[in-house]
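Written below as structure tokens is the structure these notes are about.
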Amino acid sequence: MAPKRVEKGGGLSSDGPPGRRVPGIRDFAYSRRLFSLVGAAVILGLVVRALLVPEGFGSDGHHRPQAPAEEAARAPIHQGKATCAECHAEQFAAHERDAHVAVPCEDCHGAAGEHVAARTAKRPPEEGRLFRKLAQANCLACHRQLIARPKLFPTIDVAAHFTKVGVKVPDTPCQSCHDPHQPLFLERPVSQARIHPLIHLCSDCHHDPTVEERELPAGHVVTFRCGDCHKELVADVGSKGHKDLACRTCHVFHADSPFSGRIHKNANPRFCLLCHLEHPFKDEDAVPLIASFEAHREEMADDDADLKKRCVDCHMESAIHALRPSSAPGAVTPTPPPTAPPTVPTEDGPPPTEESPPPTEESPPPSDPGVTP
Amino acid sequence: MSDGKTPETVSRRSFLHACFGAAGAMVLFEPGEALASTYVPGDHYWAYVVDLTKCIGCGACVRACKAENAVPDGFFRTWVERYTFLDDGEVLVDSPDGALNGFASDPDVPPERVAKSFFVPKICNHCTSSPCVQVCPVGASYETKDGVVLVDKSYCIGCGYCIQACPYGCRFMNPVGTADKCTLCLHRLTRGQAPACVAACPVGARACGDLKDPNDPVRRELETRRHGVLKPELGTHPKCYYLGLDQEVL
Numbered sequence: 001m002a003p004k005r006v007e008k009g010g011g012l013s014s015d016g017p018p019g020r021r022v023p024g025i026r027d028f029a030y031s032r033r034l035f036s037l038v039g040a041a042v043i044l045g046l047v048v049r050a051l052l053v054p055e056g057f058g059s060d061g062h063h064r065p066q067a068p069a070e071e072a073a074r075a076p077i078h079q080g081k082a083t084c085a086e087c088h089a090e091q092f093a094a095h096e097r098d099a100h101v102a103v104p105c106e107d108c109h110g111a112a113g114e115h116v117a118a119r120t121a122k123r124p125p126e127e128g129r130l131f132r133k134l135a136q137a138n139c140l141a142c143h144r145q146l147i148a149r150p151k152l153f154p155t156i157d158v159a160a161h162f163t164k165v166g167v168k169v170p171d172t173p174c175q176s177c178h179d180p181h182q183p184l185f186l187e188r189p190v191s192q193a194r195i196h197p198l199i200h201l202c203s204d205c206h207h208d209p210t211v212e213e214r215e216l217p218a219g220h221v222v223t224f225r226c227g228d229c230h231k232e233l234v235a236d237v238g239s240k241g242h243k244d245l246a247c248r249t250c251h252v253f254h255a256d257s258p259f260s261g262r263i264h265k266n267a268n269p270r271f272c273l274l275c276h277l278e279h280p281f282k283d284e285d286a287v288p289l290i291a292s293f294e295a296h297r298e299e300m301a302d303d304d305a306d307l308k309k310r311c312v313d314c315h316m317e318s319a320i321h322a323l324r325p326s327s328a329p330g331a332v333t334p335t336p337p338p339t340a341p342p343t344v345p346t347e348d349g350p351p352p353t354e355e356s357p358p359p360t361e362e363s364p365p366p367s368d369p370g371v372t373p
Numbered sequence: 001m002s003d004g005k006t007p008e009t010v011s012r013r014s015f016l017h018a019c020f021g022a023a024g025a026m027v028l029f030e031p032g033e034a035l036a037s038t039y040v041p042g043d044h045y046w047a048y049v050v051d052l053t054k055c056i057g058c059g060a061c062v063r064a065c066k067a068e069n070a071v072p073d074g075f076f077r078t079w080v081e082r083y084t085f086l087d088d089g090e091v092l093v094d095s096p097d098g099a100l101n102g103f104a105s106d107p108d109v110p111p112e113r114v115a116k117s118f119f120v121p122k123i124c125n126h127c128t129s130s131p132c133v134q135v136c137p138v139g140a141s142y143e144t145k146d147g148v149v150l151v152d153k154s155y156c157i158g159c160g161y162c163i164q165a166c167p168y169g170c171r172f173m174n175p176v177g178t179a180d181k182c183t184l185c186l187h188r189l190t191r192g193q194a195p196a197c198v199a200a201c202p203v204g205a206r207a208c209g210d211l212k213d214p215n216d217p218v219r220r221e222l223e224t225r226r227h228g229v230l231k232p233e234l235g236t237h238p239k240c241y242y243l244g245l246d247q248e249v250l
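Taken in sequence, the protein lines are chains A and B.
Just so you know, we're using the working numbering here: the first sequence kicks off at 1 and counts up by one.
Just so you know, we're using the working numbering here: the second sequence kicks off at 1 and counts up by one.
So, in structure tokens, the structure goes:
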């Protein structure tokens, strides 16, 4: 029997039926189809990859190398306060002197990108106008009293604040009294202002028991002291028995009423007796004490008229300060001298700041510096 | 066309050349652009510091970020949370509308029950080992040489893996269909300006600085002050550092 011959290819298929062409491992006719399929897939893959993968991908990390530059090419929207100062020099200068110097213009006015672009392109001013919200919410975003706020940050409870200064309408904008660019100064001269400018002890705004002992930080607003206006009164009281007391110990302020600046309880003797009435724990060497106001008055009285006197009717000039001094309360303009350094708010501090003549009743309110042209 | 009246000294070709040149110059030398051209990413490595003892929760940063980056309504690249710890150990966390309008009132608990309370501004941590970058299937999320984690919006396929991967919730799906996040205002950093949220902060609670600059105040602060990062156990190595951080803050 003649051995079977394999026509082509290897001998693996030597058991196959005779006469039939059996493909072998070296039969390229058989594998051509497979190879061409794989090759086509590879080529197609390469083409698709070339189309989908961006140019240079991976050359600068696993990302498109152009992407960071594209992101950085965006134009900034916020312009910064130096840009604002180019046109609004007056408001900028006032704001730079205030405690709010760290608050950028755009925090209250909004991002200035469109505004500046409209200005530069000389488009109508409406198009780039900044918003100007004269609402409490603007100020209260920072100054509303909240438990979570840092204790040293000045905050108010609006209701309590309005009660204190005598404001009746609950949604009165802060800017009705406070200059928007120097909020710690009042919009109007003292005589027209709601708030007496013997302003606050540090602790009125800063809720920290140690704040009165701290130095005034650089950039803090120039604060008013009693002596700025009532210089002779302050000098006078400094030479008399009550020199160790702060003005606010006896005087009430901030009330939008005839009592502003008056003595507590309308000089009722009971107020003086809080300190001067004899009591076992009190030290007579420190404070002159009397056992009974009525007995003291009777002892001192010369006639019936004297029996109606209050403490201040006899002791005012000798122990407290002279009445009706020549330096009647003047008016201090809300803007401090530009070069005035920050001062410590003691009540008998350095000489007063510049005084302006008392304004007339008809004097118009100063123009609103917050208006953006 | 004013045929014949145009002086022959200016050919159309040279006129167009001049026009394109001028347009190119306007694009290239926009104010601030000069700085950008000198900015070398490899010379910087940005870090972010939040001083929680200073933050007053006013939300100026959130408003500034919205305006600077045109962030869609309801989404935030930065926001402010308020942590309120009660006397029985319960912790309340709230962030009404991301503090876009600040905080209108104290939380609804008796004030005497509040043990401590503070604000925590949140922002992308720009992690050194970012989970969001690792999961991106196409290489659209990446970290730049200067340490900023970015999304390549033109390349993002919007699959949302990165949003799920971020352990800090700092990413969101922009309604246009791509992932979106804080860019650390790279467009401002390259011009020598602070990020919008840093520039807007009225109390200096936020700061951004260059760790490669030995004299940078932020780097000095990190070297000299106690600080922490969020979820350090995840090994993401955030570059957003918090001063005055509480262990309960996530």
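Virtual Cβ for every residue (Gly too), placed ideally from N, Cα, C.
The structure presented is a predicted model; accordingly, all values stated were derived computationally and were not measured.
Out of A:Val-42, A:Ala-93, A:Ala-75, A:Asp-304, which has the shortest C-alpha to C-alpha gap to Leu-189 of chain B?
Considering only alpha carbons, the answer is A:Ala-75.
Check Ala-112 of chain A in the structure and name its three-state DSSP category.
Coil, per DSSP.
What are the boundary residues of the beta strand (DSSP E) that includes Glu-255 of chain B?
Outside the displayed range of chain B (1 to 250) lies residue 255 of chain B, so it cannot be described from this structure.
In the DSSP assignment, find the unbroken alpha helix (DSSP H) run with Phe-92 of chain A in it and report its ends.
That run of the alpha helix (DSSP H) goes 89-96.
Given a cut-off of 9 angstroms, decide if Asp-60 of chain A and Lys-145 of chain B are closer than it, judged by their beta-carbon atoms.
Yes. Within cutoff.
At a cut-off of 8 angstroms, would you count Ala-94 of chain A as near the ligand MN, judging by its Cβ distance to the nearest heavy atom?
Judged by which ligands are present, the structure shown has none, so any question about the ligand MN falls away.
Below 8 angstroms on the Cβ atoms is my guess for Arg-214 of chain A versus Ile-56 of chain B; work out the distance and round it to an integer in Å.
So it is not a contact: roughly 19 angstroms between Cβ atoms.
Tyr-168 of chain B to Ala-121 of chain A, Cα distance in whole Å?
Near 43 angstroms, if we compare the C-alpha coordinates of Ala-121 of chain A and Tyr-168 of chain B.
Using only CA atoms, which one of B:Lys-153, B:Ala-205, B:Ala-165 lies nearest to Asp-180 of chain B?
Of the candidates B:Lys-153, B:Ala-205, B:Ala-165, the one whose C-alpha sits nearest the C-alpha of Asp-180 of chain B is B:Lys-153.
Express the C-alpha separation of Pro-121 of chain B and Arg-220 of chain B in angstroms, rounding to a whole number.
Straight-line Cα distance between these residues: approximately 21 angstroms.
Does any CB atom of chain B fall closer than 9 angstroms to the CB of Arg-149 of chain A?
It does; some Cβ of chain B falls within 9 angstroms.
If I measure Cβ to Cβ from Phe-57 of chain A and keep anything under 8 angstroms in the same chain, skipping five residues before and after, which residues do I get?
Here the set comprises His-63, Arg-64, Pro-65.
Identify the residues that DSSP records as bridge partners of Val-151 of chain B: which are they?
The partner list for Val-151 of chain B (beta bridge, DSSP) reads B:Ser-141.
Which chain A residues sit within Cβ distance under 7 angstroms of Ala-196 of chain B?
What Ala-196 of chain B touches in chain A: His-78.
With a CB to CB cut of under 6 angstroms and the five nearest residues on each side skipped, what residues in its chain are close to Cys-185 of chain B?
Cβ within range, chain order: Pro-195, Ala-196.
For the beta strand (DSSP E) that contains Thr-249 of chain A, what are its first and last residues?
Premise fails: Thr-249 of chain A lies in the alpha helix (DSSP H), 247-250, not in any beta strand (DSSP E).
Taking C-beta to C-beta, are Asp-242 of chain A and Ala-322 of chain A nearer than 9 angstroms?
Reading off the sequence, residue 242 of chain A comes out as His, not Asp. For His-242 of chain A and Ala-322 of chain A, no; Cβs fall outside 9 angstroms.
Buried or exposed: Asp-43 of chain B, going by 16 or more other Cβ atoms within 10 Å of its Cβ?
Asp-43 of chain B should be labelled exposed.
Counting C-beta neighbours from all protein chains within 10 Å, is the total for Ser-117 of chain B 16 or more, i.e. buried, or is it exposed?
The residue is buried, with at least 16 neighbouring Cβ atoms inside 10 Å.
Which first and last residues belong to the alpha helix (DSSP H) in which Cys-132 of chain B is found?
Element bounds for Cys-132 of chain B: 131-135.
Please classify Leu-46 of chain A: does DSSP put it in a helix, a strand, or coil?
DSSP places Leu-46 of chain A in helix when its eight states are reduced to three.
Please state if the CB of Ala-205 of chain B and the CB of Cys-52 of chain B are separated by a distance shorter than 9 angstroms.
It is worth fixing the name first, because residue 52 of chain B is Leu in this sequence and not Cys. Taking 9 angstroms as the Cβ cut-off, Leu-52 of chain B and Ala-205 of chain B qualify as a contacting pair.
Leaving out the 5 sequence neighbours to the left and right, which residues in its chain are closer than 8 angstroms to Leu-86 of chain B when beta-carbon positions are compared?
Excluding sequence neighbours, Leu-86 of chain B sits near Leu-92, Val-109, Arg-113, Val-114, Ala-115.
Per DSSP, what kind of secondary structure is Pro-209 of chain B in: helix, strand or coil?
The sequence as given places Gly at residue 209 of chain B; Pro does not occur at that position. DSSP places Gly-209 of chain B in strand when its eight states are reduced to three.
Tell me the DSSP secondary structure of Pro-280 of chain A in three-state form.
Here Pro-280 of chain A sits in coil by DSSP.
Going by beta carbon distance, what residues of the same chain come within less than 7 angstroms of Arg-297 of chain A, once the five residues before and after it are set aside?
Correct list, in chain order: Leu-307, Lys-309.
Can you give me, in chain order, the residues of the segment 48-61 of chain B that have a beta carbon less than 9 angstroms from any beta carbon in chain A?
Listed in sequence order: Thr-53, Lys-54, Cys-55, Ile-56, Gly-57, Cys-58, Gly-59, Ala-60.
Ala-67 of chain B versus chain A: which residues are under 9 angstroms apart at the beta carbon?
Those within 9 angstroms of Ala-67 of chain B in chain A are Ile-77, His-78, Glu-106, Gly-110, Ala-111, Gly-113.
Could you check whether the Cβ of Glu-71 of chain A sits closer than 9 angstroms to any Cβ belonging to chain B?
Yes, contact with chain B.
Just verifying my parser: in three-state terms, what is the DSSP assignment at Thr-84 of chain B?
In this structure, Thr-84 of chain B counts as strand in the three-state DSSP scheme.
Have a look at Thr-172 of chain A and Leu-152 of chain A and give me their C-alpha separation to the nearest angstrom.
In a straight line, the C-alpha of Thr-172 of chain A is about 26 angstroms away from that of Leu-152 of chain A.
How many Å lie between His-230 of chain A and Glu-317 of chain A at the Cα?
About 16 angstroms.
From Ala-118 of chain A to Ala-207 of chain B, what does the alpha carbon distance come to, in whole angstroms?
Ala-118 of chain A and Ala-207 of chain B: Cα-Cα distance of roughly 31 angstroms.
Let me check one thing: in DSSP terms, what residues is Thr-78 of chain B bridge-paired to?
Per DSSP, B:Ile-123.
Helix, strand or coil for Ala-67 of chain A? Go by DSSP, reduced to three states.
In the structure shown, Ala-67 of chain A sits in a helix (DSSP, three-state: H, G or I).
List, in chain order, every chain A residue whose beta-carbon is nearer than 9 angstroms to that of Gln-193 of chain B.
Result: Pro-76, His-78, Gly-80.
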